[in-house]
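Novice: Before I ask anything, let me first share the structure, which is written out below as structure tokens.
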Amino acid sequence: MVLVLLGGMTFGVGLAHSRMAEPEIVLSFLQLTDLGLLFVMGGAVVVTATTMFVATRYLDRAPLTGAIYATRKKRFDSNVMLGGGLFGVGWGLSGVCPGAAYASVGIGNYLILYAIGGMFLGAYVQGYARSYVADRGRAAMGAD
Amino acid sequence: MIALEPLVLADPFPRGVGFYLVGGLLIGLGVSLIYLGTGIIAGASTFLESTLSYVSDVERFDQYEASRDWRVVFTVGIVAGAALYTLVIAGEAFVTEVQPWRLALGGVLIGMGTRLGKGCTSGHGICGIGSFSGTSFANVATFMIVAIGTALVVAAMGVTP
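Protein sequence lines, in the order shown, are assigned to chains A and B.
Counting in my numbering, the first sequence runs from 1470 upward without gaps.
Counting in my numbering, the second sequence runs from 48 upward without gaps.
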């Protein structure tokens, strides 16, 4: 947990230093007036990809948990595209994404709480709707 | 007529690239520290659902009960790291001028979209791309294109800031 905290803090310092925690910076990238954000994502990806590549091939198990090093591969389905599209509209409208929103609280941007409140609401609606659909599916099967 | 001025990239990096790159490397370092020590692949958006599992009995959130504690710690770390940076290095707080309705409405769409799409800019954008996951490439390409289109349309409609 201490390491997760330290890693999170490093992550937060990175978001603050890169200014990605400021919606204006993200919007200037999405409006194509300053493409610097490519270096934030590029820098983060290169470091992460290298770490994961080395760990999955040459290291045994994570020392603190004994977990096997895995990569992040999620199953593809239509929700991946639909979700990406919804997130894209939200990101383009607000200049905010989840990690950057948390960091934005840290840099004193209290107005970001509007966005974080919205995110919880959206996540709740999505979870409620999917649980409801799953429930109905089971009920229909049971009635069979 | 929509103004195409922003698309004319006389200088694609008017603020320079140094702080962007250093920030990005630090973000990758944070993810790597956690991964090397624990094997955990840290994404930011699952926190939304995992934290809801503390207060809601909606079935969908149950699956995150095992990870919800470290996700809170990770998020507290992000806030604390950014706060420390602001206090020690930047020296002054930042408050956005983007209008609250854009933040709130955008937030709702982000909450739905990232959870439906199985990740966000950190989960898919950093860890997924870093894993060479085809699913993540598809998701990231989608949200990038849609976000750029949305931001350009919103700006062209004269919504500022």
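Ideal Cβ positions, reconstructed from N, Cα and C, are used throughout, including at glycine.
1. Could I get the ranges of all uninterrupted alpha helix (DSSP H) runs contained in the stretch 1502-1530 of chain A, with 4 residues as the minimum, in chain order?
2. Counting C-beta neighbours from all protein chains within 10 Å, is the total for Leu-1484 of chain A 16 or more, i.e. buried, or is it exposed?
3. Please report the residue range of the alpha helix (DSSP H) in which Met-204 of chain B lies.
4. So, Gly-86 of chain B versus Gly-1587 of chain A, is the Cβ gap smaller than 8 Å?
5. Who are the neighbours of Thr-132 of chain B on chain A, taking C-beta pairs under 8 Å?
6. To the nearest angstrom, how far is the alpha carbon of Gly-1512 of chain A from that of Gly-65 of chain B?
7. Residues in its own chain within less than 7 Å of Ala-1584 of chain A by CB, not counting five upstream and five downstream?
8. Which of helix, strand or coil does DSSP assign to Ile-1537 of chain A?
9. Between the stretch 1549-1564 of chain A and the stretch 114-128 of chain B, can you find at least three pairs of beta-carbon atoms closer than 8 Å?
10. Since His-1486 of chain A is in the alpha helix (DSSP H), which residue starts that stretch and which ends it?
11. Applying the criterion that 16 or more other CB atoms from any shown protein chain within 10 Å of the CB defines a buried residue, is Lys-165 of chain B buried or exposed?
12. Name the chain A residues whose beta carbon is nearer than 7 Å to that of Ser-79 of chain B?
13. Can you find the residues in the same chain that come closer than 8 Å, C-beta to C-beta, to Leu-150 of chain B, ignoring five residues on each side of it along the sequence?
14. Looking at chain A, is there any beta carbon in it that lies within less than 8 Å of the beta carbon of Ala-137 of chain B?
15. Taking just the CA atoms, how far does Ala-57 of chain B sit from Tyr-1593 of chain A?
16. Using a 10 Å radius around the Cβ and a threshold of 16 neighbouring Cβ atoms, would you call Ile-49 of chain B buried or exposed?
17. Identify which residue in B:Pro-61, B:Gly-84, B:Ala-194 has its Cα closest to the Cα of Val-1471 of chain A.
18. What's the gap between the Cα of Ala-194 of chain B and the Cα of Leu-1496 of chain A?
19. Under 6 Å Cβ to Cβ from Leu-1506 of chain A, same chain only, skipping five residues before and after it: list those, please.
20. Going along chain A in order, which residues have a C-beta closer than 7 Å to the C-beta of Gly-177 of chain B?
21. When you check each C-beta in the stretch 1587-1609 of chain A against every C-beta of chain B, which residues fall closer than 8 Å?
22. So the candidates are B:Val-206, B:Phe-60, B:Cys-174, B:Gly-160; which of them puts its Cα closest to the Cα of Tyr-1538 of chain A?
23. Using a beta-carbon distance below 8 Å, is Gly-1552 of chain A in contact with chain B?
Specialist: This is what the structure gives:
1. 1506-1527
2. Here residue 1484 of chain A refers to the residue found at position 15 of the first sequence. Classification for Leu-1484 of chain A: buried.
3. For this step, residue 204 of chain B is matched to residue 157 along the second sequence. Premise fails: Met-204 of chain B is in no alpha helix (DSSP H) and is neither H nor E.
4. The count along the second sequence starts at 1 and reaches residue 86 of chain B at position 39. The count along the first sequence starts at 1 and reaches residue 1587 of chain A at position 118. No, the Cβ-Cβ distance between Gly-86 of chain B and Gly-1587 of chain A is not below 8 Å.
5. As a position in the second sequence, residue 132 of chain B is number 85, starting the count at 1. Reading the sequence as shown, one finds Tyr at residue 132 of chain B and not Thr. Here the neighbours are Gly-1481, Val-1482, Ala-1485, His-1486, Gly-1575, Ile-1576.
6. Sequence index remark: in the first sequence, residue 1512 of chain A carries index 43 (1-based). Sequence index remark: in the second sequence, residue 65 of chain B carries index 18 (1-based). Roughly 11 Å separates the two Cα atoms.
7. The residue you call residue 1584 of chain A lines up with position 115 of the first sequence. So the list reads Ser-1563, Val-1565, Ala-1570, once near-sequence residues are dropped.
8. For the purposes of this step, residue 1537 of chain A is taken as residue 68 along the first sequence, with counting starting at 1. In the structure shown, Ile-1537 of chain A sits in a strand (DSSP, three-state: E or B).
9. no
10. The residue given as residue 1486 of chain A occupies position 17 in the first sequence. It spans 1471-1486 - the alpha helix (DSSP H) in which His-1486 of chain A sits, taken as one unbroken run.
11. Position 118 of the second sequence, counted from the start, is the residue given in the question as residue 165 of chain B. Buried, since its Cβ has 16 or more Cβ neighbours within 10 Å.
12. The residue labelled residue 79 of chain B in the question sits at position 32 within the second sequence. The answer, in chain order, is Val-1516, Thr-1517, Thr-1520.
13. Locating residue 150 of chain B in the second sequence gives position 103, counting from the first residue. Thr-143, listed in sequence order.
14. For the purposes of this step, residue 137 of chain B is identified with residue 90 of the second sequence, where counting begins at 1. Yes - at least one Cβ of chain A is within 8 Å of the one on Ala-137 of chain B.
15. Working through the first sequence from its first residue, we reach residue 1593 of chain A at position 124. Working through the second sequence from its first residue, we reach residue 57 of chain B at position 10. Their Cα atoms are separated by approximately 43 Å.
16. Along the second sequence, one-based indexing puts residue 49 of chain B at 2. Residue confidence is low: Ile-49 of chain B scores 49 on pLDDT, short of 50, so the model does not pin down where it sits. No coordinate-derived value is stated.
17. The residue labelled residue 1471 of chain A in the question sits at position 2 within the first sequence. It is B:Gly-84.
18. Position 147 of the second sequence, counted from the first residue, corresponds to residue 194 of chain B. Position 27 of the first sequence, counted from the first residue, corresponds to residue 1496 of chain A. Using only the alpha carbons, I get a separation of about 9 Å.
19. Looking up residue 1506 of chain A in the first sequence gives position 37. The residues are Phe-1498.
20. Counting from 1 along the second sequence, the entry for residue 177 of chain B is found at position 130. By Cβ distance, chain A contributes Val-1514, Thr-1517, Ala-1518, Met-1521.
21. Gly-1587, Met-1588, Phe-1589, Leu-1590, Gly-1591, Ala-1592, Tyr-1593, Val-1594, Gln-1595, Gly-1596, Tyr-1597, Arg-1599, Ser-1600, Ala-1603, Asp-1604
22. Within the first sequence, residue 1538 of chain A is the residue found at index 69, counting from 1. The residue with the shortest Cα to Cα distance from Tyr-1538 of chain A is B:Cys-174.
23. Walking along the first sequence from the start, residue 1552 of chain A turns up at place 83. Chain B, which has a Cβ nearer than 8 Å to the Cβ of Gly-1552 of chain A, makes this yes.
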